[in-house]
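One gets our numbering by counting positions in the sequence shown from 1 and adding 20 to each. Note that the Cβ used here is the ideal one computed from N, Cα and C, for glycine as well. Owing to the predicted nature of the structure, the values given are computational and were not obtained by experimental measurement. Right, one structure below, let's go through it.
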Amino acid sequence: MQYLAAGMAVTGSGSASPAASLDNHGLSQIVDTSDEWIATRTGIRSRHLANAQESLAHLGAIAAQNALSMAQVAATDIDLILLATSTPDDLFGSACQIQAELGAKHAVAFDLTAACSGFVFGLITAAQFIRTGVYRNILLIGADVLSRWVDWTDRRSCVLFGDGAGAVVLQANENDRLLGFALHSDGCLHDCLNVNYKGKARPLTQGMEVAQGTYQPISMNGKEVYRFAVNRVPEVIEKALFQANLSTADIDWLLLHQANQRILDAVAKRLKMPAEKVISNMANYGNTSAASIPLALDETVRQGQIKPGDTIAASGFGAGLSWGAAIFQWQR
Ligand code: COA
C-alpha cells in the first residue's frame with residue numbers, strides 16, 4: 021500500500037547482550053595485556069561475548085522486541101525490518117530469521133552491511149522509505165557478533181571488540197524528527213580495517229576454477245583508523261548540523277559509535293561539547309560495531325537521561341572505510 025509522504029520519528033529503542041562477559045583481567049589470561057593498558061588506551065573494561073548457542077538473529081530479535089514494546093507497536097504492524105550487521109548467522113542474510121522470530125509477517129526484511137557505520141547508514145536508508153511514503157513503521161536493528169571474526173591471538177585488536185544488539189522503531193510522523201545527515205565512504209582506505217575473504221583455487225573442469233575458503237580474522241591498522249576517526253567524525257557531524265541549520269550548542273547529546281573513549285574525547289573537544297553531553301558505555305561493552313549506537317541510545321533512554329524532544333547528534337564510523345552522521349530528535 022502506498023501512503024502519503026511523511027516525516028520520520030524515532031519512537032522506541034531496545035537492546036540485548038550475550039549473558040557472558042569477559043573483563044580486562046580475564047583477557048590478560050589470553051593475550052599479553054593488562055587492565056591498565058586497555059583502560060587507559062581505550063576506556064574499555066569489559067565486553068559481552070556470545071557463546072556457540074547464541075545466534076545473532078536471536079540477539080537482534082530480543083533488542084527488536086524491547087524496542088517494539090517501548091514504541092507500543094505490534095510486530096504485525098511493521099512494514100520493513102532492516103538489519104545492519106557485518107556478522108550474519110547466514111551469509112544470505114539474517115533479517116528474515118528475525119522477521120520470523122518476531123512474527124512480523126507483513127514486513128519485508130533484509131540485511132545492510134556498513135560495518136560500524138551500519139546503524140547510521142540504516143537510519144538514513146529507513147528515512148528514505150518513510151519520507152517517500154512507501155512505509156510507515158520500520159524496525160532498524162544494529163547487531164554484531166564480531167567475536168566470531170576477532171583474531172584472539174592479536175592483542176592490538178582483540179581487546180577492542182564485544183558482541184551485542186540494539187534496535188529502534190522508526191515511524192511516519194507529521195513532523196520530521198530527522199533534522200540532517202551526511203554519509204561518506206572511502207574504499208581507498210579499505211586496507212585499514214577489514215575481514216577479507218580468502219579462497220583457494222579449486223579446479224572444476226579444464227581451464228575452470230572457483231575460489232573456496234573463508235573469511236580471515238579482523239585486520240586493523242589502529243593508528244590509521246584512530247587518525248581517520250578524529251578527523252572525519254567532527255567534520256561529518258558539522259556537515260549534518262549545517263544541513264539541519266543547527267550548531268553544536270543546539271545538541272543535547274553526542275552519540276558516537278563506541279570505539280574508543282579517546283576518540284570520543286577528541287571529537288567532543290573538536291566540537292567544543294562538554295563531557296556531560298557525551299554518551300559513553302563502552303567501558304562495559306567494548307566496540308559492538310553496528311550495535312554500539314542503538315545500544316548506548318537505549319541505555320541512556322532507559323536511565324531517564326534522554327528526554328522526548330532532545331536533539332541527538334549520532335555518528336558512526338569504521339570499516340569501508342565509511343562514516344556518517346545523523347541529527348535527530350528523540351520521539352515524536
Ligand atoms: N596490551 C598491551 N600492549 C599493547 C596492546 C595491548 N592490548 N596492544 C598493543 N600494545 C603495545 C604495542 O605492541 C606497542 O608496543 P611497542 O611500542 O613495544 O611496539 C605499544 O603497545 C603501542 O602500540 P600502538 O599500536 O602504537 O598503540 P596505540 O597508542 O596506537 O593504541 C589502539 C592502539 C588500537 C588502542 C589505537 O590505535 C586505537 O584505538 N585505534 C582505533 C581502533 C578502532 O577504534 N578500531 C575500530 C574502529 S570502528
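CB-CB under 6 Å to residue i, same chain, minus the five flanking residues each way: which ones, in chain order?
i: Ala134; result: Phe141 and Ser342
i: Gly162; result: Ala104, Gly138, Phe139, Gly186, Ala310, Ala311 and Pro314
i: Asp272; result: Asp330 and Thr331
i: Gln119; result: Ile101, Ala127 and Ala129
i: His210; result: none
i: Gly200; result: Ala260, Gln263, Ala264 and Ile347
i: Arg252; result: Trp343
i: Ser54; result: Ser48
i: Gln325; result: none
i: Glu56; result: none
i: Tyr155; result: Asp99, Leu100 and Phe149
i: Val321; result: Ser33
i: Gly227; result: none
i: Leu198; result: Met28, Ala147 and Phe348
Under the DSSP definition of a beta bridge, which residues are partnered with residue i?
i: Ser342; result: Ser205 and Gly338
i: Phe348; result: Leu198 and Ile332
i: Leu42; result: Arg67
i: Val140; result: Answer is none; Val140 lacks a bridge partner.
i: Met28; result: Ala192
i: Ala163; result: Ala185
i: Ala36; result: Ala185
i: Trp128; result: According to the sequence as given, residue 128 is Val; it is not Trp. DSSP lists Leu100 as partners of Val128.
i: Cys307; result: This sequence places Asn at residue 307; Cys is not what is there. DSSP lists Phe181 as partners of Asn307.
i: Ile158; result: Leu100 and Leu190
Looking only at its own chain, which residues have a Cβ that is under 7 Å from the Cβ of residue i, when we skip the five neighbours before and after it?
i: Gly113; result: Phe130 and Asp131
i: Ala95; result: Leu88, Leu122, Gly123 and Ala124
i: Asp171; result: Ser177, Cys178, Pro237 and Ile238
i: Asn195; result: Gly27
i: Leu284; result: Leu276, Val298 and Ser300
i: Pro328; result: Trp350 and Gln351
i: Glu229; result: Ala221, Arg222 and Pro223
i: Trp169; result: Thr107, Val215, Tyr235, Pro237 and Ile238
Residues in its own chain within less than 8 Å of residue i by CB, not counting five upstream and five downstream?
i: Pro254; result: Val287, Arg290 and Leu291
i: Ile406; result: Nothing about residue 406 can be reported from this structure: the residues present for the chain run from 21 to 352 only.
i: Ala91; result: Thr31, Gly32, Val189 and Gln191
i: Lys10; result: No statement about residue 10 is possible, as the shown extent of the chain runs from 21 to 352 and does not include it.
i: Leu69; result: Pro38, Ala40, Ser41, Leu42, Ser167, Gly182 and Asp183
i: Pro294; result: Ala288
i: Arg50; result: Residue identity check: residue 50 is Ile in the sequence provided, not Arg. So the list reads Trp172 and Cys178, once near-sequence residues are dropped.
Below 8 Å on the Cβ atoms is my contact criterion, and I expect residue i with residue j to pass it. Report the Cβ-Cβ distance as a whole number of Å.
i: Asn193; j: Ala29; result: 4 Å
i: Ala25; j: Gly153; result: 4 Å
i: Leu76; j: Pro108; result: 6 Å
i: Cys116; j: Gly338; result: Rounded, the Cβ-Cβ distance is 25 Å, inconsistent with contact.
i: Ile160; j: Leu143; result: Note that residue 160 corresponds to Leu in the displayed sequence, not to Ile. Their Cβ separation, rounded to whole angstroms, is 6 Å, which keeps Leu160 and Leu143 in contact under 8 Å.
i: Ser35; j: Glu319; result: 7 Å
i: Arg67; j: Gly306; result: 4 Å
i: Asp164; j: Ser106; result: 6 Å
i: Val256; j: Ala345; result: 4 Å
i: Ala279; j: Ala249; result: 7 Å
i: Asp97; j: Asn157; result: 5 Å
Say whether the region 204-220 touches the region 235-249, bearing in mind that this needs 3 or more beta-carbon pairs closer than 8 Å, one atom from each stretch. Between the region 204-220 and the region 235-249 there are three or more C-beta pairs closer than 8 Å, enough to call the two in contact.
query = Taking contact to mean at least 3 C-beta pairs separated by less than 8 Å, is the region 243-250 in contact with the region 182-196?
reply = Counting Cβ pairs under 8 Å, fewer than three are found: no touch.
Item to complete: Could you tell me whether the region 172-179 touches the region 144-152, where touching means 3 or more Cβ pairs closer than 8 Å?
Response: no
Requested in this report: List in chain order: all unbroken beta strand (DSSP E) runs of 3+ residues lying wholly within the region 191-256.
Outcome: Listed in chain order, the complete beta strand (DSSP E) runs (minimum 3 residues) inside the region 191-256 are 198-205, 217-225 and 228-235.
Tell me the start and end of each unbroken alpha helix (DSSP H) in the region 76-120 that is at least 4 residues and wholly inside, in chain order. Fully enclosed alpha helix (DSSP H) runs of no fewer than 4 residues occupy 76-91 of the region 76-120, in order along the chain.
Minimum length 4: unbroken alpha helix (DSSP H) runs contained in the region 260-299:
281-291
Note to self: For the region 300-309 against the region 71-83, do three or more pairs of beta-carbon atoms, one drawn from each stretch, fall closer than 8 Å, so that the two count as touching?
What the structure shows: Touching, no, given that fewer than three Cβ pairs across the two stretches are closer than 8 Å.
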